[in-house]
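Peer 1: The letter at position 168 of the sequence shown is residue 287 when you use the numbering used here, and the numbering goes up by one with no holes.
Every residue gets a Cβ at the ideal spot worked out from N, C-alpha and C, and that includes glycine.
First, the structure itself, so that you have it in front of you.
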Amino acid sequence: MSMTRPMLNQREAATACGVSRSTIRRRREAGLLPGSVEDPQRGWLIPVEALLAAGFTLNAPAPPDAAPPATGFPDGSGAGSVAELLKELEHLRQQHALELAEARHGQALAESEAVHLRAQLAARAEHIGDLQRALQALMPAPVRAAIPQPSPWPAAPAAPAGPASEQSTVDGLGQPPYSR
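Below, the structure is given as structure tokens:
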């Protein structure tokens, strides 16, 4: 009584031989795997004898269908030894630490500049408020009341208002506003 070896579908054959499914399919389509039959439930079945006769070794680990590059570095420069990889890792860590320190220094400078600029703005706003108060003190009373006060600076105290007709036509000295 002769014993026959099992038949594997394309996926099982690829896994058992350590190749991709497309390799098994191409060999089958080229007629290099004799005895292959199509099963309605399992797809193409390939005899183990045909795989061995085609030069495949069974039970080798299977690579994924879309294998990544065989090199260890993304630029394809070669896998390198463990020592080289550790050296590269240390270099990248140092480079990252330097970039991080530069970024933190830049952030500290920017924050310092922002504090300085805010102080300058506050001093200038105070100076502008002083100038506005001095200007109003030099103006006649009706003119002072007619000057609108900008909102960002401290408002100058309002001058006491006289009669409405006097405010709009005469500055208290018998002259119309803005005539000096």
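#1: Among Arg147, Asn178 and Ala227, which residue has its Cα nearest to the Cα of Ala169?
#2: Mind checking Leu171: buried by the 16 CB within 10 Å criterion, or exposed?
#3: Quick one: residues in its chain with C-beta nearer than 8 angstroms to the C-beta of Arg161, no 5 flanking neighbours on either side, listed in chain order?
#4: Going by DSSP, what residue range makes up the alpha helix (DSSP H) through Leu127?
#5: Along the alpha helix (DSSP H) that carries Val201, what are the first and last residues, could you check?
#6: Taking buried to mean at least 16 other C-beta atoms within 10 Å of its own C-beta, is Ala153 buried or exposed?
#7: Given this structure, state the Cα-to-Cα distance separating Gln226 from Leu219, to the nearest angstrom.
#8: Hey, how far is the Cα of Ala274 from the Cα of Ala264?
Peer 2: On the basis of the data shown:
#1: Position 50 of the sequence shown, counted from the start, is the residue given in the question as residue 169. Of Arg147, Asn178 and Ala227, the residue nearest in Cα terms is Arg147.
#2: By one-based count along the sequence shown, residue 171 stands at place 52. Classification of Leu171: exposed, given that the 10 Å Cβ count is below 16.
#3: As a working mapping, residue 161 is identified with position 42 in the sequence shown. So the list reads Asn128, once near-sequence residues are dropped.
#4: For the purposes of this step, residue 127 is identified with residue 8 of the sequence shown, where counting begins at 1. Note, Leu127: premise wrong, no alpha helix (DSSP H); beta strand (DSSP E) at Met126 to Asn128.
#5: The sequence position of residue 201 within the sequence shown is 82, counting from 1. Element bounds for Val201: Val201 to Leu257.
#6: Residue 153 sits at position 34 when you count from the first residue of the sequence shown. In the sequence under discussion, the amino acid at residue 153 is Pro, which differs from the Ala named in the question. Pro153 comes out exposed.
#7: Taking the sequence shown and counting its residues from 1, one reaches residue 226 at position 107. Taking the sequence shown and counting its residues from 1, one reaches residue 219 at position 100. Taking the straight line from one Cα to the other gives about 11 angstroms.
#8: By 1-based counting over the sequence shown, the position of residue 274 is 155. By 1-based counting over the sequence shown, the position of residue 264 is 145. The predicted position of Ala274 is uncertain, since its pLDDT is 49 and thus under 50; no value can be drawn from it.
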